Amino acid sequence: NVTGVQSCALPIFCLYLTRSQAAAAVGGFLFGFSSYITAHQTEGHLNLTGVFLLPVIVLIALKRLDRVIGGRRYACLVGATLAGQLLISTEVTLTATFALIVTLLTGWAMLPPLRPRLAALARETLAGYGIAAVLASPLLVFVLLRIPHGSYTAAESSATDLANVVLPTRTNGLAGSLFMHVRAHFNDAESGLYLGLPTLMIIALLAWRRWAHRPTRVLLVLTLLAGALAFGTAIWVDGHRLMPFVGALARELPFVENVRFPRFSAYASLGAGIGVALWISQTRGRVFTRPYVLPLLAVGFLVPNVSTVSRLTTPDPAPFLTTHEARTCLTGETLAMFPYGAQGDSMLWQIGRAHV
């Protein structure tokens with residue numbers, strides 16, 4: 129279960145950061161059952177839901193900044209992790225690289241005392257990328273030689289409606305059936321910015337109480353930047369295009385022109401999960417030691433709508449792809465598999481085609 133793996137990855141990081149099991153559990157749930165992951169899992173996009181290594185990268189980097197691990201060990205660990213992420217999804221690896229660069233630059237600008245450590249971390253991360261390139265060299269060579277040139281992703285498909293910040297899609301169980309008129313303009317698979325009002329309230333409380341704490345400020349800024357990138361090339365409200373946005377500039381960067389910007393909502397969910405865990409661990413409850421009302425509401429607002437998930441079935445084996453005729457007829461052609469996504473076994477057929 130991919131969602132379960134996501135929910136286990138972030139708590140390890142949150143537990144290291146907060147030393148609170150309750151805070152780690154809530155933060156992990158908010159990432160593992162985020163709108164981004166729920167939507168793509170519903171559509172059968174396993175390569176996009178396999179983002180459980182992102183918290184691992186953050187944990188390794190934080191341990192290096194804390195000097196818990198040495199530079200060589202960090203480079204080896206981050207290299208192996210990046211190689212694993214590359215084997216899962218080239219797009220997620222690309223956006224993770226972009227996120228790492230932005231994180232290092234933001235930390236350099238906002239955390240002057242840590243600049244020597246951040247400079248060393250940048251050099252060691254670069255070494256880690258070298259290790260990752262060696263470990264994943266067969267795939268990397270294939271990607272670099274066969275990558276299509278030019279833009280093939282429409283700008284309109286790379287935007288998130290502003291209303292998705294407060295309104296869910298049908299993949300969310302608690303309120304996914306409400307506001308049908310506005311939700312009709314959402315792309316359910318590409319609208320993952322919904323965090324839920326309780327989570328937004330917790331993030332606002334964290335900013336109000338801890339803005340003077342520089343590391344917390346960096347986390348909040350990075351979460352906000354990730355959310356801003358998820359809006360894509362323009363601001364859309366209720367299906368109407370209002371104005372261009374930051375994604376229009378980012379699309380001019382090499383390779384980034386074909387990234388779907390709504391998928392940066394994964395990093396916004398990651399930052400929000402960490403922020404909620406921090407708030408829980410640093411706030412005293414009125415009845416219990418830690419607050420529980422807002423965290424429980426935050427979890428409740430992200431409970432997935434299980435009726436949208438396809439029922440488990442025995443996949444069609446597509447026997448033609450295993451025959452001698454397939455090896456003879458299909459010699460490098462690009463195939464379109466139908467039915468696509470949750471309506472069929474197209475992802476499985478693509479795996480079968482790879483072995484022809």
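Going by the numbering used here, the letters in the sequence shown line up with residues 129 to 484, in that order.
The C-beta atom is built at its ideal place from N, Cα and C for all residues, glycine as well.
In this text the structure is predicted, and so the values were computed from the model without any measurement.
- When rounded, the separation of the alpha-carbon atoms in residue 367 and residue 143 is 40 Å.
- Rounded to the nearest angstrom, the gap between the Cα atoms of residue 207 and residue 168 is 26 Å.
- Between residue 196 and residue 141, the CB-CB gap reaches or exceeds 9 Å.
- Contact check for residue 321 and residue 358: beta-carbon distance about 5 Å, within the 8 Å limit, so the pair qualifies.
- When secondary structure is reduced to three states using DSSP, residue 287 falls in the strand class.
- Fewer than three beta-carbon pairs drawn from the segment 250-259 and the segment 287-300 are found closer than 8 Å, and the two stretches are therefore not classed as touching.
- Just so you know, the alpha carbons of residue 395 and residue 454 end up roughly 41 Å apart.
- Here the C-alpha atom of residue 149 lies approximately 14 Å from the C-alpha atom of residue 401.
- Comparing C-alpha distances from residue 263 to each of 219, 215, 147 and 173 shows the shortest one belongs to 215.
- Rounded to whole angstroms, residue 419 and residue 270 show a C-alpha spacing of 51 Å.
- Annotated three-state conformation of residue 247 is helix, per DSSP.
- Taken in chain order, the unbroken stretches of alpha helix (DSSP H) that lie wholly in the segment 196-273 and span 4 residues or more are 199-216, 218-238 and 243-263.
- Membership of residue 362 in any alpha helix (DSSP H) is not indicated; the residue belongs instead to the beta strand (DSSP E) covering 362-365.
- Within a 10 Å sphere around the beta-carbon of residue 172 sit 16 or more other beta-carbons, which makes this residue buried.
- Per DSSP, the unbroken beta strand (DSSP E) holding residue 372 starts and ends at 368-372.
- Around the CB of residue 434, fewer than 16 other CB atoms lie within 10 Å, so the residue is classed as exposed.
- Following the DSSP letters along the chain, one finds residue 431 in no alpha helix (DSSP H), marked with neither H nor E.
- Annotation: residue 392 is outside any alpha helix (DSSP H) and is labelled neither H nor E by DSSP.
- Partner residues in the beta bridge of residue 300, as assigned by DSSP, are 432.
- Residue 145 holds the alpha-carbon nearest to the alpha-carbon of residue 191 among 145, 240 and 456.
- The alpha-carbon of residue 232 is positioned some 27 Å away from that of residue 318.
- Cβ atoms of residue 182 and residue 224 come within 8 Å of each other, at about 6 Å.
- For the set 356, 421, 451 and 429, the Cα lying nearest the Cα of residue 166 is the one of 429.
- Contact check for residue 273 against residue 217 fails: the beta carbons are separated by 9 Å or more.
- Here residue 342 carries a helix assignment [DSSP, helix/strand/coil].
- Closest by C-alpha distance to residue 139, out of 425, 342, 406 and 354, is 406.
- Inclusion of residue 391 and residue 220 in the CB contact set at 9 Å is warranted, their separation being smaller than that value.
- In the structure shown, residue 173 falls within a coil segment according to DSSP collapsed to helix, strand and coil.
- For residue 183, the uninterrupted alpha helix (DSSP H) run begins and ends at 181-193, by DSSP.
- Contact annotation: residue 422 and residue 326 have beta-carbon atoms nearer than 9 Å.
- A direct Cα-Cα distance of roughly 22 Å separates residue 464 from residue 316.
- In the three-state reduction of the DSSP assignment, residue 419 falls in the coil class, being assigned neither a helical nor a strand state.
- DSSP places residue 319 in the coil class of the three-state scheme, outside both helix and strand.
- With contacts defined by Cβ atoms closer than 9 Å, residue 228 and residue 397 do not form a contacting pair.
- Taking a 10 Å sphere around the C-beta of residue 350, we find 16 or more other C-beta atoms and assign the residue as buried.
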